[in-house]
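Start counting the sequence shown at 11; every next residue gets the next number (this note's numbering). Just so you know, even glycine gets a beta-carbon here, dropped at the ideal spot from N, CA and C. Here the structure is a predicted model, which means the values were calculated and not measured. For reference, the structure discussed in these notes is given below.
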Amino acid sequence: MNKQIILLPGDGIGKEIMEAAKAILNTIASEYGHRFTFHQHAIGGDAYEQCGTPLPEDTVKACQSADAILLGAVGDKKYDSLPPHLRPEKGLLGIRKALELYANLRPIKGFTPLMHASPLKESVINGSDILIVRELTGGLYFGKPRERRENGLAAIDTLYYHRSEIERIVERGFQSAQLRNKYLTSVDKANVLESSRMWREIVNKKSKEFPEVTVDHLLVDAAAMKLVTNPNSFDVIVTENLFGDILSDEASVLTGSLGMLPSASLRSDGVGLYEPVHGSAPDIAGKGIANPLAMILSAAMMLRHSFQMIEEADAIELAVNAALDQGYYTPDLDIPNGKQIGTKEMTEVVIENLTNKS
Ligand code: NAI
Ligand code: MG
Numbered sequence: 011m012n013k014q015i016i017l018l019p020g021d022g023i024g025k026e027i028m029e030a031a032k033a034i035l036n037t038i039a040s041e042y043g044h045r046f047t048f049h050q051h052a053i054g055g056d057a058y059e060q061c062g063t064p065l066p067e068d069t070v071k072a073c074q075s076a077d078a079i080l081l082g083a084v085g086d087k088k089y090d091s092l093p094p095h096l097r098p099e100k101g102l103l104g105i106r107k108a109l110e111l112y113a114n115l116r117p118i119k120g121f122t123p124l125m126h127a128s129p130l131k132e133s134v135i136n137g138s139d140i141l142i143v144r145e146l147t148g149g150l151y152f153g154k155p156r157e158r159r160e161n162g163l164a165a166i167d168t169l170y171y172h173r174s175e176i177e178r179i180v181e182r183g184f185q186s187a188q189l190r191n192k193y194l195t196s197v198d199k200a201n202v203l204e205s206s207r208m209w210r211e212i213v214n215k216k217s218k219e220f221p222e223v224t225v226d227h228l229l230v231d232a233a234a235m236k237l238v239t240n241p242n243s244f245d246v247i248v249t250e251n252l253f254g255d256i257l258s259d260e261a262s263v264l265t266g267s268l269g270m271l272p273s274a275s276l277r278s279d280g281v282g283l284y285e286p287v288h289g290s291a292p293d294i295a296g297k298g299i300a301n302p303l304a305m306i307l308s309a310a311m312m313l314r315h316s317f318q319m320i321e322e323a324d325a326i327e328l329a330v331n332a333a334l335d336q337g338y339y340t341p342d343l344d345i346p347n348g349k350q351i352g353t354k355e356m357t358e359v360v361i362e363n364l365t366n367k368s
């Protein structure tokens with residue numbers, strides 16, 4: 011299969027970890043007989059430097075005709091003084107909106123050699139394996155009006171959802187649950203918010219189409235507590251934009267490291283944007299020590315969700331697991347009695363494990 015992949019390295023460590031993902035995909039291509047054609051474009055601060063905007067028109071066009079998109083990260087303190095529409099994050103929000111990437115999938119799974127680094131007790135997090143399905147293009151982050159009022163003394167944001175926006179994300183949640191352990195937790199704030207009451211009605215209606223999936227409703231405050239006290243009680247969580255943003259960062263502590271978390275943002279036709287959960291890590295950019303594993307696992311998600319290359323995706327995940335089991339770790343991690351290595355070496359270890367396995 012020949013696939014056109016857009017690469018958006020962005021800022022900071024984005025460029026370093028993108029090289030790692032490319033090397034892994036080239037290995038997969040030669041091991042499994044695929045062709046991946048890469049097209050690199052600018053986004054974020056990088057694009058602002060080159061063209062004066064965080065999201066150039068040709069980047070949007072290229073992404074619109076791609077089979078899938080890989081993104082590193084955007085952002086740096088030096089852009090903090092720019093007006094909001096020129097800031098790097100605008101590039102990211104803009105591309106999600108332009109491509110209608112309404113479903114954000116974040117798998118959160120602990121890696122045994124890293125569990126000791128989580129602030130939570132091993133007995134609590136052991137075995138936890140959660141998929142958060144977050145609505146990404148609606149709700150409070152996009153609703154209008156959004157403005158200052160009363161001479162700047164008041165501010166307003168709007169939590170707006172159309173039925174159709176809720177229906178498609180809820181459907182994605184059910185589909186994910188169907189493919190995993192057939193258990194879905196829908197998180198809302200239906201005791202207070204009208205949009206949540208509508209959300210709950212839609213979930214109950216949709217559940218009739220997925221009779222095998224068991225559904226629970228949970229209020230977001232209770233869900234926040236349960237995520238850290240009993241993470242094993244969750245499998246797939248589906249929720250709206252703001253709640254999903256907060257809960258997925260909270261859940262990330264289960265793994266003990268930001269550098270290990272991949273994500274996917276999907277459109278209904280299967281085209282997706284894949285990126286690590288972490289940011290551009292300006293504090294370590296250019297030093298060759300960035301952990302490439304979240305980016306590599308994001309590339310695996312791309313193979314799984316956009317290209318249906320399940321065997322290949324599994325192989326990458328196994329190779330990453332094996333690297334940690336062998337005791338290799340980048341400086342953001344710690345494996346007692348292991349071997350600390352840099353970005354390139356870690357990528358090579360994963361490639362070594364990939365080529366030995368198949
Ligand atoms: P960050 O995730 O970039 O870094 C937080 C801490 O984790 C830093 O100490 C960093 O060195 C470390 N870290 C993150 N990823 C790592 C990796 N792969 N390997 C080793 N260490 C890693 O978050 P921070 O510092 O809050 O933000 C830095 C910039 O990134 C900001 O401009 C922010 O806006 C942006 N950002 C971008 C995101 C994106 O592109 N999706 C997401 C989050 C932040
Ligand atoms: Mg966040």
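Judged by DSSP in its simplified three-state form, ASN114 adopts strand. In this structure, DSSP gives GLU285 an extended state, which the three-state scheme calls strand. Look at ILE105: its beta carbon is at least 7 angstroms from all of the heavy atoms in the ligand NAI. Using a C-beta cut-off of 8 angstroms, the segment 281-289 makes contact with the segment 307-325, since at least three inter-stretch Cβ pairs fall below that distance. In the DSSP assignment, GLN50 falls within the beta strand (DSSP E) that extends over 45-50. Of the candidates THR365, THR265, ASP293, ALA164, the residue whose Cα lies closest to the Cα of VAL134 is THR265.
For ALA52 and GLU59, the gap between their C-alpha atoms comes out near 10 angstroms. For VAL84, the secondary structure class from DSSP, reduced to helix, strand or coil, is coil.
Between the C-alpha atoms of GLN350 and VAL263 there is a straight-line separation of about 22 angstroms.
Distance from the Cα of ILE320 is smallest, within the candidate group VAL70, GLU29, ILE38, ALA291, for ILE38. CA-CA distance, ARG106 to GLU250, rounds to 15 angstroms.
The beta carbon of GLN188 sits closer than 8 angstroms to the beta carbons of PHE220, GLU222, VAL223 from its chain, once the five residues preceding and following it are set aside; these are given in chain order. For ARG158, the enclosing beta strand (DSSP E) starts and ends at 153-159. The C-beta distance from GLY54 to ASP21 rounds to 5 angstroms, short enough to meet the 8 angstroms contact threshold. C-alpha of GLU160 to C-alpha of THR168: approximately 17 angstroms in a straight line. If you compare the alpha carbons of ASN12, ILE247, GLY82, GLY162 with that of VAL180, the shortest gap goes to ILE247.
In the DSSP assignment, GLN336 falls outside any alpha helix (DSSP H), carrying neither H nor E. The ligand NAI has no heavy atom closer than 7 angstroms to the beta-carbon of ALA57.
Check the Cα spacing between PHE152 and each of LEU103, ILE294, PRO98, GLY120: the tightest is with LEU103. Per the coordinates, the alpha-carbon of ARG116 lies some 21 angstroms from the alpha-carbon of LEU334.
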